[in-house]
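> Have a look at this one before I ask anything.
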Amino acid sequence: MSTESPPDWASVEVAVPRQPDRLPGVSMAGFRQRAPAPVQIAMVAHPSVTLFVDLSNEDSLVYDAPGRRERGSMVVGLVPGDLRLGGRAAGGIECLQIRLSPALAVAVLGASTDLSGPVVSLEDVWGRDAGRTEERLRAAASWDERFTIAVDALGRRTSARPALDPEVAAAWWLMLTSRGRVRVDSLADEVGWSRKRLWSRFRSQIGLTPKHAARLVRFDHAAHLLAAGNAAAQVAAASGYADQAHLHREVKVFTGVTPTAVAAAPWLAIDDVAWPTSLPDLTPPTSPIRQVPAK
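Be aware that the sequence shown starts at 9, since it is given in our numbering, and climbs by one per residue.
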């Protein structure tokens, strides 16, 4: 964590849609950092596929992975690995972040897109439509208009592409509702498939095995409990880990750091403002970020 330069959250404005459920499986937030300070923050595995649409006056967002550097608007998969998001723009950084459930991501991004991979250019996925959508978003007069444009762009793509198998989508939903505390055998029974068929179809469509996906969902829940100020031993028990050592190992797998570091991680500092519906049933930490109306 020592190599990170998190934003000064007090200088960041966050806009959220007035109607957050206009498209099921999608959540969005707009970010504007007025001060031109450099930022570098580690991306962490999350049970959604994330689109970062760079709306700064220049391609200010930079994605650093081992042996690779990309700029501009990108798609980040479920398990990004050692990936850092950073950048600096003279007028400040501005971007639209869109989280897609894997069930919807297949339709929005295409079945050939690796939903589990670290990063891919949005242009590589959407072609010229990526640039046209960016132009419309940059020209919009308000965040509310931007959210409407984004919903329209996503909706048009979902109507033209096939989604996940219903059984795979149902298995994913069961993972989320159980917060990852579900056995693969139970999932297979619930959807009416054999364990082998569920493993094969789930892996081919989402990019993770059912067991790995459930571990990801459980980790995400535990990370938010840690950020809410709960002790690691309490989080381990509440999240279904065998013990605190088990929690420690899983956190290290998904983040490379300890539960103590996760509790103070800058990538969780914005969740109570930008993604309040994703938080566990506990009082989240107070964020210094200023939420602005989507107007």
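C-beta atoms are modelled at their ideal positions from N, C-alpha and C, and glycine is treated no differently.
#1: Can you tell me where the alpha helix (DSSP H) holding G163 begins and where it ends?
#2: Could you name the residues of the same chain whose beta carbon sits closer than 6 Å to that of V70, not counting the 5 residues immediately before and after it, in chain order?
#3: Go ahead and label D62 buried or exposed: buried means 16 or more other beta carbons lie within 10 angstroms of its beta carbon, across all protein chains shown.
#4: Taking only runs of the beta strand (DSSP E) that begin and end inside the region 11-89, which ones reach a length of at least 3 residues, in chain order?
#5: Looking only at C-alpha atoms, which of G200, P274, W207 sits nearest to A236?
#6: Leaving aside the five residues before and after V199 along the sequence, list all residues of the same chain whose C-beta is less than 7 Å from its C-beta, in chain order.
#7: Going by DSSP in three states, W283 sits in which element: helix, strand or coil?
#8: Which two residues bound the contiguous alpha helix (DSSP H) that contains R146?
#9: Starting from the C-beta of R189, find all residues in its chain whose C-beta is less than 7 Å away, skip the five residues before and the five after it, and write them out in chain order.
#10: Leaving aside the five residues before and after T263 along the sequence, list all residues of the same chain whose C-beta is less than 7 Å from its C-beta, in chain order.
#11: From what residue to what residue does the beta strand (DSSP E) around R223 run?
#12: With a 10 Å radius around its C-beta and 16 neighbouring C-beta atoms as the bar for buried, classify N386 as buried or exposed.
#13: Can you have a look at A119 and say buried or exposed, based on whether 16 or more other CB atoms are within 10 angstroms of its CB?
#14: Measuring straight from C-alpha to C-alpha, what distance separates K303 and R77?
#15: From this set, L172, D279, D90, which residue's C-alpha is nearest G215's C-alpha?
#16: So L123 is in the alpha helix (DSSP H); what residue range does that whole segment cover?
#17: Identify whether R191 lies in helix, strand or coil by the three-state DSSP scheme.
#18: So, does the region 128-137 touch the region 27-38, judging by three or more C-beta pairs under 8 Å?
According to the structure data:
#1: 151-166
#2: R79, G94, G95
#3: buried
#4: 20-23, 34-41, 47-51, 57-62, 69-73, 76-79, 82-84
#5: P274
#6: E175, A178, A179, L206
#7: coil
#8: 136-147
#9: R226, G248
#10: V52, V270
#11: No beta strand (DSSP E) holds R223; the alpha helix (DSSP H) holding it covers 218-235.
#12: In the structure displayed, the chain extends from 9 to 303; residue 386 sits before or after that span and is not available.
#13: exposed
#14: Note that K303 scores 48 on pLDDT, short of 50, meaning its location in the model is unreliable and no value can be drawn from it.
#15: L172
#16: Looking at the DSSP string, L123 is not in any alpha helix (DSSP H), and its letter there is neither H nor E.
#17: coil
#18: no
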